[in-house]
Amino acid sequence: SSSPRAGNIKCGQYDFPITRIRVSAGYEDIELRFLRFRLNGTASTDSIFKYSLTESGNLVGEGVFSSVFDDRGKKVSEYRTASTTLAQQLVIPKDGQKIITVNAHLTRDNPITPCEVGKTIAIDYDAYFEAVGLASGTRIPISTHNSRRTSTNRHTLTK
Numbered sequence: 118s119s120s121p122r123a124g125n126i127k128c129g130q131y132d133f134p135i136t137r138i139r140v141s142a143g144y145e146d147i148e149l150r151f152l153r154f155r156l157n158g159t160a161s162t163d164s165i166f167k168y169s170l171t172e173s174g175n176l177v178g179e180g181v182f183s184s185v186f187d188d189r190g191k192k193v194s195e196y197r198t199a200s201t202t203l204a205q206q207l208v209i210p211k212d213g214q215k216i217i218t219v220n221a222h223l224t225r226d227n228p229i230t231p232c233e234v235g236k237t238i239a240i241d242y243d244a245y246f247e248a249v250g251l252a253s254g255t256r257i258p259i260s261t262h263n264s265r266r267t268s269t270n271r272h273t274l275t276k
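FYI, the numbering for the sequence shown is 118 to 276, going by our numbering.
What follows is the structure, given as structure tokens:
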């Protein structure tokens, strides 16, 4: 698969392929069920509206990085990790692999969440996925041993 190169990304850009992850199966077919991601870079969670996960062009899940606000509407913290339970079955065949693309959906420049020009943004997998063996029914935590990022680059936000 081709890697998205580091470079500029416009605020408001939708469906930008920011990360690709390769997941492999060994002894049996597995159904991937759960993935966890981390927002990296200098941009805040306000810069990204959501992320979506696709495999071979098919939408398999979505997630958001969120913030916590006080009763006056002031941001007090950010959640830079997000978990996604897949909305569509994704089976990785025995001795096979699938590539999952993480697409960023960036917030448009506006008075409430202005574009953070010059800040960087990346979405990395957080080294924890979960799957179930289809023949055995065994819950399989997937670690970095059978999943690996095929590309992650930090992109600079522009208007």
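Beta carbons are placed, not taken as given, at the ideal position from N, Cα and C, and that holds for glycine.
Note that the structure is a prediction, hence the values are computed from the model and not measured.
If we count the other Cβ atoms within 10 Å of its Cβ and call it buried at 16 or more, is K215 buried or exposed? Classification for K215: buried.
Among S253, I147 and L274, which has the Cα closest to the Cα of Q277? The structure shown does not extend to residue 277, since the chain is modelled only from 118 to 276, so the question has no answer here.
What's the C-alpha gap between A248 and N157? Roughly 25 angstroms separates the two Cα atoms.
If you follow the beta strand (DSSP E) that S184 is in, where does it begin and where does it stop? Per DSSP, the continuous beta strand (DSSP E) segment holding S184 begins and ends at S184 to F186.
Cβ of E179 less than 8 angstroms from any chain C Cβ? Among the chains of the structure shown, chain C does not appear; only one protein chain is present.
Between the beta-carbon of T230 and the beta-carbon of T224, is there less than 8 angstroms? Yes, Cβ-Cβ distance for T230 and T224 is below 8 angstroms.
Hey, H183 and E233 are a contact pair by Cβ (cut 8 angstroms); roughly how many whole angstroms apart? The amino acid at residue 183 is misidentified as His; the sequence shows Ser. Between E233 and S183 the Cβ distance is about 17 angstroms, and since that is not below 8 angstroms, they are no contact.
Contact under 8 angstroms by Cβ, A160 with K236: In this structure, K236 lies closer than 8 angstroms to A160 by Cβ.
Residues in its own chain within less than 7 angstroms of E145 by CB, not counting five upstream and five downstream? By the criterion of a C-beta distance shorter than 7 angstroms, E145 is surrounded in its chain by K211, G250, L251, A252 and S253, once the five residues flanking it on both sides are discounted.
Reduced DSSP category for T162 - H, G, I as helix; E, B as strand; rest coil: Secondary structure at T162: helix, using DSSP grouped into helix, strand and coil.
For A239, name the three-state secondary structure that DSSP assigns. In the structure shown, A239 sits in a strand (DSSP, three-state: E or B).
Given L176, which residues of its chain have a CB within under 8 angstroms of its CB, disregarding the five upstream and five downstream residues? If we look at L176 and ignore the five residues flanking it on each side, its Cβ neighbours are S169, L170, A204 and Q205.
Opening and closing residue of the beta strand (DSSP E) in which Q206 lies: First-last of the beta strand (DSSP E) with Q206: T198 to I209.
Between which two residues does the beta strand (DSSP E) containing G180 stretch? From DSSP, the beta strand (DSSP E) with G180 extends over N175 to G180.
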